[in-house]
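Engineer:
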Amino acid sequence: MPRNLDLTALRSFVSVAEAGGVTKAAGLLNLTQSAVSMQLKRLEDSLGLALLDRSGRGIALTPTGDQLLSYAKRMLALNDEIYARMTDQAFEGKIALGVPHDIVYPAIPQVLARFTQDYPRVKVDLISSFTMRLKEFLANGECDLILTTEDHPERGGETLVTLPLVWIGAIGGQAWRRRPLPLAFEQSCLFKDTVQQTLDAEGIDWSMTVQAESARTIEPIVAADMAVHAVIEGTEPAHLERISHGGELPKLTTKQIVLYGHRTGGDPVRDALADLLRQAYAQL
73 MPRNLDLTAL
83 RSFVSVAEAG
93 GVTKAAGLLN
103 LTQSAVSMQL
113 KRLEDSLGLA
123 LLDRSGRGIA
133 LTPTGDQLLS
143 YAKRMLALND
153 EIYARMTDQA
163 FEGKIALGVP
173 HDIVYPAIPQ
183 VLARFTQDYP
193 RVKVDLISSF
203 TMRLKEFLAN
213 GECDLILTTE
223 DHPERGGETL
233 VTLPLVWIGA
243 IGGQAWRRRP
253 LPLAFEQSCL
263 FKDTVQQTLD
273 AEGIDWSMTV
283 QAESARTIEP
293 IVAADMAVHA
303 VIEGTEPAHL
313 ERISHGGELP
323 KLTTKQIVLY
333 GHRTGGDPVR
343 DALADLLRQA
353 YAQL
């Protein structure tokens, strides 16, 4: 049957170890010396181990006590963190984050998981749309923070990372060899014009096989090897692959992932989410 350690006794043990004596530890804990001594004895009795060497003038840890000290500090730190997080009423409410659908993966799930862990009482609304629409949402207050993909940030934008566009297609696919080159893009995708202009400059004929409103339409077409697509490096869907074209397709330009809506020091919750976004996209 599992047995539970007494956290109060563990706290007294750690305090005695760090203070170097029962008297000092009792003062730090606002307890009597006898109360601290009783807690230490109860801890030793529950474990059946000697934790303190009382043979000298002062109190020293036994080898077993040294080993327990590390565990005890971690347990108390976790206890204190849980208590603070679950009882803290300071950070409650809702924050809306807007992200273009093509850069949601792989970074955003990690960001949301960490943010929810740090701020369990704050609800996050994730809004996925195109860059221009997200800017409208930010302007009218529907989003607190947004990410965009663009060539250059506008005023108030903070570039998190600059990455190249890459060609993607079906795993083992051959659509990229066809001419005219079959393309599949969303109607409002900013990458579409960039790709078309690059192909025109290289004299490569192309055709728009699919021009849809959603990536849910685009990705199956590409996965079926009916067309090719372009995304920011590092955001390729798992069911598609970067095309190894050996130079037969032109090199595409770079795009910036830009953060808008962050004003330093204005809101600690928004600041924390902005910092997590910076960290996540810096790793792409």
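So that you can map any letter, position 256 of the sequence shown is 328 in the working numbering, and since no number is skipped, the others follow by simple counting. A virtual CB, placed ideally from N, CA and C, is assigned to each residue, including glycine.
1) Tell me which residues share the same chain as K264 and place their Cβ nearer than 6 angstroms to its Cβ, disregarding the 5 neighbours each side in the sequence.
2) Assign H334 to one of two classes, buried (16 or more other C-beta atoms within 10 Å of its C-beta) or exposed (fewer than that).
3) Quick check on E153: does DSSP put it in helix, strand or coil?
4) Would the beta-carbon of L123 fall within 8 angstroms of that of L140?
5) Along the chain, which unbroken stretches of the beta strand (DSSP E) at least 3 residues long are found entirely within the segment 255–311?
6) If distances are taken between C-alpha atoms only, which option among K323, D297, R350 comes closest to A268?
7) T266 to P192, Cα distance in whole Å?
8) For L112, which residues from the same chain have a beta carbon less than 8 angstroms from its beta carbon, with the 5 sequence-adjacent residues on both sides left out?
9) Please classify G165: does DSSP put it in a helix, a strand, or coil?
10) Does the distance from the CB of D174 to the CB of T281 come in under 8 angstroms?
11) Taking the Cβ atom as the reference point for each residue, do L115 and D78 lie within a distance shorter than 8 angstroms?
12) Could you pull the DSSP bridge partners for Y332 from this structure?
13) Classify G130: buried if its beta carbon has 16 or more other beta carbons within 10 angstroms, exposed otherwise.
14) If you compare alpha carbons, which of P225, T231, Q246, A310 is closest to H317?
15) Going by CA-CA distance only, name the one from R249, D343, V238 that's closest to T326.
16) Can you tell me where the beta strand (DSSP E) holding A65 begins and where it ends?
17) Whole angstroms is fine: what's the gap from A185's alpha carbon to A179's?
18) What is the DSSP secondary structure of V171, counted as helix, strand or coil?
19) Short of 8 angstroms in beta carbon distance, which residues of its chain neighbour K27, apart from the five on each side in sequence? Order them along the chain.
20) Going by DSSP, name the residue or residues bridged to V183.
21) Can you list, in chain order, the residues of its chain with a C-beta nearer than 7 angstroms to that of R126? Leave out the 5 residues immediately preceding and following it.
22) By a C-beta neighbour count over all protein chains shown, 10 Å radius and 16 as the cutoff for buried, is H311 buried or exposed?
23) So, for W278: in the same chain, excluding its five sequence neighbours on each side, which residues have a beta-carbon less than 7 angstroms away from its beta-carbon?
24) Evaluate G319 with the Cβ neighbour count: other Cβ atoms within 10 Å of its Cβ, from every protein chain shown; 16 or more gives buried, anything less gives exposed.
25) On the three-state DSSP scale, how would you describe K145?
26) What does the Cβ neighbour count give for A97, buried or exposed, with the cut at 16 atoms within 10 Å?
27) Taking the CB atoms as reference points, tell me whether L356 and A346 lie closer together than 8 angstroms.
28) Are there 16 or more other CB atoms within 10 angstroms of the CB of G170, so buried, or fewer, so exposed?
29) Count the CB pairs spanning the segment 223–243 and the segment 285–305 that are closer than 8 angstroms, and state whether there are at least three.
Structural biologist: So, from the listed chains and residues:
1) Working through the sequence shown from its first residue, we reach residue 264 at position 192. Once the five neighbours on either side are set aside, the close Cβ partners of K264 are F257.
2) For the purposes of this step, residue 334 is identified with residue 262 of the sequence shown, where counting begins at 1. When all chains shown are included, H334 counts as buried.
3) For the purposes of this step, residue 153 is identified with residue 81 of the sequence shown, where counting begins at 1. Correct three-state label for E153: helix.
4) Residue mapping note: residue 123 aligns to position 51 of the sequence shown, counting from 1. Residue mapping note: residue 140 aligns to position 68 of the sequence shown, counting from 1. Yes, Cβ-Cβ distance for L123 and L140 is below 8 angstroms.
5) With a minimum length of 3 residues, the continuous beta strand (DSSP E) runs that stay inside the segment 255–311 are 278–284, 301–304.
6) Within the sequence shown, the letter at position 196 stands for residue 268. It should be pointed out that residue 268 corresponds to Gln in this sequence rather than to Ala. Here the closest residue by C-alpha is K323.
7) Position 194 of the sequence shown, counted from the start, is the residue given in the question as residue 266. Position 120 of the sequence shown, counted from the start, is the residue given in the question as residue 192. Each residue's Cα considered, the two are about 41 angstroms apart.
8) Taking the first residue of the sequence shown as 1, we reach residue 112 at position 40. Only A81, S84, F85, V88, V94, L123, L124 meet the Cβ criterion.
9) In the sequence shown, the residue the question calls residue 165 occupies position 93. In the structure shown, G165 falls within a strand segment according to DSSP collapsed to helix, strand and coil.
10) Counted from its first residue, the sequence shown places residue 174 at position 102. Counted from its first residue, the sequence shown places residue 281 at position 209. No, they are not a contact pair.
11) Locating residue 115 in the sequence shown gives position 43, counting from the first residue. Locating residue 78 in the sequence shown gives position 6, counting from the first residue. In this structure, D78 lies closer than 8 angstroms to L115 by Cβ.
12) Position 260 of the sequence shown, counted from the first residue, corresponds to residue 332. Beta-bridge pairing links Y332 to I218.
13) In the sequence shown, counting from the first residue as 1, residue 130 sits at position 58. It is exposed - the Cβ of G130 has fewer than 16 other Cβ atoms within 10 Å.
14) As a position in the sequence shown, residue 317 is number 245, starting the count at 1. For H317, the nearest C-alpha among the options comes from Q246.
15) Here residue 326 refers to the residue found at position 254 when the sequence shown is read from its first residue. Selected option, being the one with the closest Cα: V238.
16) Because the chain spans 73 through 356 in this model, residue 65 falls outside it and cannot be assessed.
17) Taking the sequence shown and counting its residues from 1, one reaches residue 185 at position 113. Taking the sequence shown and counting its residues from 1, one reaches residue 179 at position 107. One C-alpha to the other measures close to 10 angstroms.
18) Working through the sequence shown from its first residue, we reach residue 171 at position 99. Reduced to three states, the DSSP call for V171 is strand.
19) Summary: the structure shown does not reach residue 27, with the chain confined to residues 73 through 356, and so no result is reported for it.
20) Here residue 183 refers to the residue found at position 111 when the sequence shown is read from its first residue. Assignment of beta-bridge partners to V183 by DSSP yields no partner.
21) Sequence index remark: in the sequence shown, residue 126 carries index 54 (1-based). Sequence-distant Cβ neighbours of R126 in its own chain, meaning closer than 7 angstroms and more than five residues away, do not exist here.
22) Numbered from 1 along the sequence shown, position 239 holds the residue referred to as residue 311. So H311 ends up on the exposed side.
23) On the sequence shown, residue 278 is found 206 positions in, with the first residue counted as 1. Within the same chain, W278 has close Cβ partners P252, L253, L255, Q268, L271.
24) Position 247 of the sequence shown, counted from the start, is the residue given in the question as residue 319. G319 should be labelled exposed.
25) Against the sequence shown, residue 145 aligns to sequence position 73. If DSSP states are grouped into helix, strand and coil, K145 belongs with the helices.
26) Counting from 1 along the sequence shown, the entry for residue 97 is found at position 25. By the neighbour-count rule (16 or more Cβ atoms within 10 Å), A97 is buried.
27) As a working note, residue 356 is residue 284 in the sequence shown. As a working note, residue 346 is residue 274 in the sequence shown. No; because the gap between Cβ atoms is not below 8 angstroms, this pair is not in contact.
28) As a working mapping, residue 170 is identified with position 98 in the sequence shown. Flag for G170 reads buried.
29) Enough Cβ pairs lie closer than 8 angstroms, so yes.
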